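J.:
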Amino acid sequence: MSTNVVQTICPFCGVGCGMYLVIDHGRIAGAEGWPEHPVNRGMLCPKGRFSYALVNRPDRLKYPMRRDGDTWKQITWDEALAMVREHLGPLRERDPDSIYVFASARCTNEESYLAQKFARVVIGTNNVDNCTRMCHAPSGYALTRVFGGGASTNSMDDLEEAGCVLVWGYNPFETHPMLFQHVIAARKAGAKLIVVDPRVTQTAKVASLHLQPIPGTDIALLAGMINYVIQTGLLDRKFIERRTEGFEELAKSVELYTLELTSSLTGVPAALIREAALAYGTSPASSILFGMGLTQYVGSTATIAALCQLAVVTGNIGRPGTGVNPARGQNNVQGTVDMGAVPDGLPGGSMSDTSVRTIVEQEWHAPLPQRPGLFATQVWEAAQAGTVKAAYIIGENPVLSEADGAAVVRGLEAMDFVVVQDIFMTETARYADLVLPASLWAEKDGTFTNTERRVQRVRKVVESPEAANRDWRILIDIADALGADWYYRKPEDIFEEIRRVVPAYAGITYPLLNTPGFGLQWPVGEGGDETEILYVERFATPSGKAHLSALETIDLTSRLTAEFPFTL
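If you use full-length UniProt numbering, the sequence shown corresponds to residues 1 to 568, in order.
1) Using a 10 Å radius around the Cβ and a threshold of 16 neighbouring Cβ atoms, would you call S287 buried or exposed?
2) Is A103 closer than 8 Å to V122 when the C-beta atoms are compared?
3) Just mark N331 as buried or exposed, buried being the case when its beta carbon has 16 or more other beta carbons within 10 Å.
4) On the three-state DSSP scale, how would you describe P11?
5) What does a CB cutoff of less than 8 Å around A82 pick up in its chain, not counting 5 residues either side in sequence?
6) From the DSSP output, in three-state form, read off A119 for me.
7) Name, in chain order, the residues that DSSP records as bridge partners for V268.
8) Could you check if M1 is buried or exposed, using at least 16 other CB atoms within 10 Å of its CB as the buried criterion?
9) Suppose the cutoff is 7 Å on Cβ atoms and the five residues either side in sequence are ignored; what does the same chain contact list for E413 look like?
10) Are the CB atoms of W380 and R410 nearer to each other than 8 Å?
11) On the DSSP bridge list, what partners appear for K192?
12) Taking 7 Å as the limit between beta carbons, can you name the residues of its chain near E255, skipping five residues before and five after?
13) Quick one: residues in its chain with C-beta nearer than 6 Å to the C-beta of I9, no 5 flanking neighbours on either side, listed in chain order?
14) Here's a check: name, in chain order, each residue in its chain whose Cβ is nearer than 8 Å to the Cβ of Y510, leaving out the five neighbours to either side.
15) I need the boundaries of the beta strand (DSSP E) containing T451, first residue and last residue.
16) Give me the Cα-Cα distance between M134 and M292, rounded to the nearest whole angstrom.
17) If you draw a straight line from the C-alpha of R328 to the C-alpha of F539, how long is it?
18) Please work out which residues of its chain come closer than 7 Å, Cβ to Cβ, to T553, disregarding the five sequence neighbours upstream and downstream, and give them in chain order.
19) What are the residues that DSSP puts in a beta bridge with W72?
20) State buried or exposed for Y392, treating a residue as buried only when at least 16 other CB atoms are found within 10 Å of its CB.
21) Based on the DSSP output, what are the partners of L434 in its beta bridges?
22) Within the continuous alpha helix (DSSP H) that includes H87, where are the two ends?
23) Checking 8 Å against the spacing of the C-beta atoms, do G124 and P90 come in under that value?
24) Provide the residue span of the beta strand (DSSP E) that contains Y20, from first to last.
25) Run the CB neighbour count on P284, radius 10 Å, all protein chains shown included, and call it buried at 16 or more, exposed below.
26) Considering only residues of the stretch 337 to 404, which uninterrupted alpha helix (DSSP H) runs meet the minimum length of 4 residues and lie entirely inside it, listed in chain order?
27) What's the gap between the Cα of L179 and the Cα of N40?
28) So what does DSSP say about A31, is it helix, strand or coil?
29) Give the straight-line distance between the Cα atoms of K460 and T76, rounded to the nearest whole angstrom.
30) For A366, which residues from the same chain have a beta carbon less than 6 Å from its beta carbon, with the 5 sequence-adjacent residues on both sides left out?
31) Ordered along the chain, which non-local residues of its own chain (more than five positions away) have a Cβ less than 6 Å from that of T303?
32) Taking the Cβ atom as the reference point for each residue, do V165 and V183 lie within a distance shorter than 8 Å?
33) Please state whether DSSP places L259 in a helix, a strand or coil.
34) If I measure Cβ to Cβ from E174 and keep anything under 6 Å in the same chain, skipping five residues before and after, which residues do I get?
35) Should G69 be labelled buried (16 or more other beta-carbon atoms within 10 Å of its own) or exposed?
Have a look at this one:
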């Protein structure tokens with residue numbers, strides 16, 4: 001067998017770099033950057049460069065395993081499916097809400113779609129969620145509150161059009177180096193880089209301005225910047241009058257935040273606050289990037305909403321070089337939420353939107369459960385209370401990833417039946433009753449959606465080891481074992497259904513994604529026209545206008561004492 005290369009997408013973060021996998025005699029021998037790809041332009045970070053090594057790991061799960069006391073016994077797939085039917089079947093009949101399904105932001109769109117459909121149609125519950133509950137759920141809620149939609153507004157390429165880039169609570173120099181190259185290009189063209197972070201990160205070291213607020217005072221800093229913009233006339237009055245509602249409410253809520261007061265609250269010198277507000281407000285185009293320094297913090301939704309409002313009052317939205325862009329962590333955080341793998345949403349929109357419910361019910365020929373499900377953070381307490389009795393965990397490791405791992409362990413031990421579907425015997429899998437061997441990204445076909453809404457093809461290049469199988473195939477087999485009749489033959493069949501229920505994906509097809517292969521940024525029109533910039537003419541709110549509102553007051557510093565003068 002000769003050596004060849006296959007185009008695919010790196011699975012290690014939300015940037016979504018294009019790569020070539022080098023195949024030598026049926027094994028992956030290396031990874032190279034895809035020179036023409038607009039995201040990474042032929043470069044790869046160390047994670048991408050050595051991503052292929054994971055595929056060849058000898059400790060991969062290869063067979064279904066069931067717990068036998070303190071040991072594990074290898075079983076067949078038929079025996080595994082029989083166990084699922086034996087345990088989940090009766091629980092479903094008694095109370096569908098006693099079962100919880102964890103989807104995964106590591107899986108493809110097609111697999112995340114099937115996971116939430118499995119929960120809602122086969123089990124009959126909205127108890128489905130994924131790890132974005134812990135990392136980026138506040139982004140979605142805040143962006144939706146102001147703009148009407150929970151996604152990045154501009155493309156990464158577009159950062160290079162900015163005259164000012166404001167990076168808040170985020171260190172892309174180290175965490176997303178391929179995204180940061182676009183910021184570096186903007187800097188070389190003369191753009192100012194403003195970093196807001198209590199820490200002196202590598203990103204802060206190359207910034208034009210570095211603001212170091214006391215942890216927990218971000219919203220006060222934003223209030224001061226917005227007030228300065230308003231008081232000095234840096235706001236875009238035409239934009240505010242034409243495309244926003246609620247401005248007076250916002251203005252009134254920040255009017256007390258003078259530079260002096262803001263400085264005393266945040267610990268940032270008044271001169272630095274003024275300089276940052278001037279740089280952002282006077283640039284012809286200013287762009288915002290933020291990360292988990294904001295999203296994984298008390299008051300995160302309110303703070304991100306304030307950040308969005310800063311962009312709106314200066315008119316830095318809906319144009320090249322502007323926008324508000326959350327940096328997603330895992331490779332398919334955006335896509336997993338787009339697919340509705342959350343307890344209070346559906347594919348294509350909110351669970352409370354009757355038009356969305358109608359479309360989904362008509363496509364599935366089944367009524368949807370009415371009550372929103374539990375969030376992933378609520379499951380472990382519910383398990384200890386006896387209301388959640390079983391979990392089907394796909395590609396998630398909450399024992400390791402959640403803040404209180406001990407609470408997760410107590411919840412898992414309290415459940416009657418736990419199924420973990422993964423590629424390794426993870427910390428969570430060790431508490432399961434049944435472990436199912438899944439396939440890696442390089443062993444299956446499908447799509448990922450990156451942080452800029454770019455839907456891209458991931459391609460199967462090697463076979464899975466032994467009896468390991470693709471997540472979408474396992475989901476179908478389990479659904480059918482519980483009485484469903486799913487006839488998806490390949491991932492493209494699933495994607496065609498996604499197109500019918502998720503409006504933003506309606507114009508995307510596999511053939512379009514294959515040529516030239518760089519993917520498409522949703523929403524995509526019928527002719528295959530992608531959308532690089534959101535909200536050019538109207539926002540996604542019912543009125544079509546950005547929703548401005550009073551900033552919430554969040555004071556974490558009041559909790560400090562002389563004995564414990566620290567914040568985390």
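Where is the CB? At the ideal position from N, CA and C, for every residue including glycine.
Keep in mind that this is a model prediction, so the values were computed, not measured.
T.: Here's the rundown:
1) Here residue 287 refers to the residue found at position 287 when the sequence shown is read from its first residue. The residue in question, S287, is buried, as its Cβ has 16 or more Cβ neighbours within 10 Å.
2) The sequence position of residue 122 within the sequence shown is 122, counting from 1. The sequence position of residue 103 within the sequence shown is 103, counting from 1. No.
3) By 1-based counting over the sequence shown, the position of residue 331 is 331. Buried, because 16 or more other Cβ atoms sit within 10 Å of the Cβ of N331.
4) Working through the sequence shown from its first residue, we reach residue 11 at position 11. Coil at P11, not helix or strand.
5) Counting from 1 along the sequence shown, the entry for residue 82 is found at position 82. Within the same chain, A82 has close Cβ partners A481.
6) For the purposes of this step, residue 119 is taken as the residue at position 119 of the sequence shown. Note: A119 maps to helix in three-state DSSP.
7) Counting from one through the sequence shown, the residue named residue 268 turns up at place 268. Paired residue(s): none; V268 is not in a bridge.
8) Within the sequence shown, numbered from 1, the residue matching residue 1 stands at position 1. Low local confidence applies: a pLDDT of 46 at M1 is under 50, so the model's placement there is unreliable, and no value is given.
9) Here residue 413 corresponds to residue number 413 of the sequence shown, with the count starting at 1. So the list reads Y431, once near-sequence residues are dropped.
10) Translated into positions along the sequence shown, residue 380 becomes position 380. Translated into positions along the sequence shown, residue 410 becomes position 410. Contact: yes.
11) Numbered from 1 along the sequence shown, position 192 holds the residue referred to as residue 192. BP columns for K192 point to C164.
12) To locate residue 255, count along the sequence shown from 1; it is residue 255. Closer than 7 Å at the Cβ level, and outside the excluded window around E255, lie N227.
13) Stepping through the sequence shown from its first residue, residue 9 is reached at position 9. Same-chain partners within the cutoff: G16, F448, Q456, V458.
14) Taking the sequence shown and counting its residues from 1, the one referred to as residue 510 is at position 510. Correct list, in chain order: R457, E492, F495.
15) Residue 451 sits at position 451 when you count from the first residue of the sequence shown. Run containing T451: none; DSSP gives neither H nor E here.
16) Here residue 134 refers to the residue found at position 134 of the sequence shown. Here residue 292 refers to the residue found at position 292 of the sequence shown. Each residue's Cα considered, the two are about 10 Å apart.
17) For the purposes of this step, residue 328 is taken as the residue at position 328 of the sequence shown. For the purposes of this step, residue 539 is taken as the residue at position 539 of the sequence shown. So the alpha carbons of these two residues sit roughly 22 Å apart.
18) Looking up residue 553 in the sequence shown gives position 553. Counting only Cβ-Cβ distances below 7 Å, and skipping sequence neighbours, we find nothing.
19) The sequence position of residue 72 within the sequence shown is 72, counting from 1. For W72, which the question treats as bridged, DSSP gives the partners R67.
20) Residue mapping note: residue 392 aligns to position 392 of the sequence shown, counting from 1. Y392 should be labelled buried.
21) Your numbering for residue 434 matches position 434 in the sequence shown. L434 pairs with R66, V419.
22) Along the sequence shown, one-based indexing puts residue 87 at 87. Unbroken alpha helix (DSSP H) run through H87: 77 to 94.
23) As a working mapping, residue 124 is identified with position 124 in the sequence shown. As a working mapping, residue 90 is identified with position 90 in the sequence shown. In this structure, P90 does not lie closer than 8 Å to G124 by Cβ.
24) One-based indexing of the sequence shown puts residue 20 at position 20. First-last of the beta strand (DSSP E) with Y20: 18 to 24.
25) Locating residue 284 in the sequence shown gives position 284, counting from the first residue. By the neighbour-count rule (16 or more Cβ atoms within 10 Å), P284 is not buried but exposed.
26) 354 to 364, 379 to 385, 398 to 401
27) As a working mapping, residue 179 is identified with position 179 in the sequence shown. As a working mapping, residue 40 is identified with position 40 in the sequence shown. Taking the straight line from one Cα to the other gives about 7 Å.
28) Taking the sequence shown and counting its residues from 1, the one referred to as residue 31 is at position 31. Correct three-state label for A31: strand.
29) On the sequence shown, position 460 is the one that residue 460 refers to. On the sequence shown, position 76 is the one that residue 76 refers to. Going from the Cα of K460 to the Cα of T76 covers about 24 Å.
30) Within the sequence shown, numbered from 1, the residue matching residue 366 stands at position 366. Same-chain partners within the cutoff: V121.
31) The count along the sequence shown starts at 1 and reaches residue 303 at position 303. Closer than 6 Å at the Cβ level, and outside the excluded window around T303, lie D218, I219, L294.
32) Counting from one through the sequence shown, the residue named residue 165 turns up at place 165. Counting from one through the sequence shown, the residue named residue 183 turns up at place 183. Cβ atoms of V165 and V183: closer than 8 Å.
33) What you label residue 259 is simply residue 259 of the sequence shown in a count that begins at 1. L259: helix per DSSP, three-state reduction.
34) Position 174 of the sequence shown, counted from the first residue, corresponds to residue 174. Cβ within range, chain order: Q202.
35) Taking the sequence shown and counting its residues from 1, the one referred to as residue 69 is at position 69. So G69 counts as exposed.
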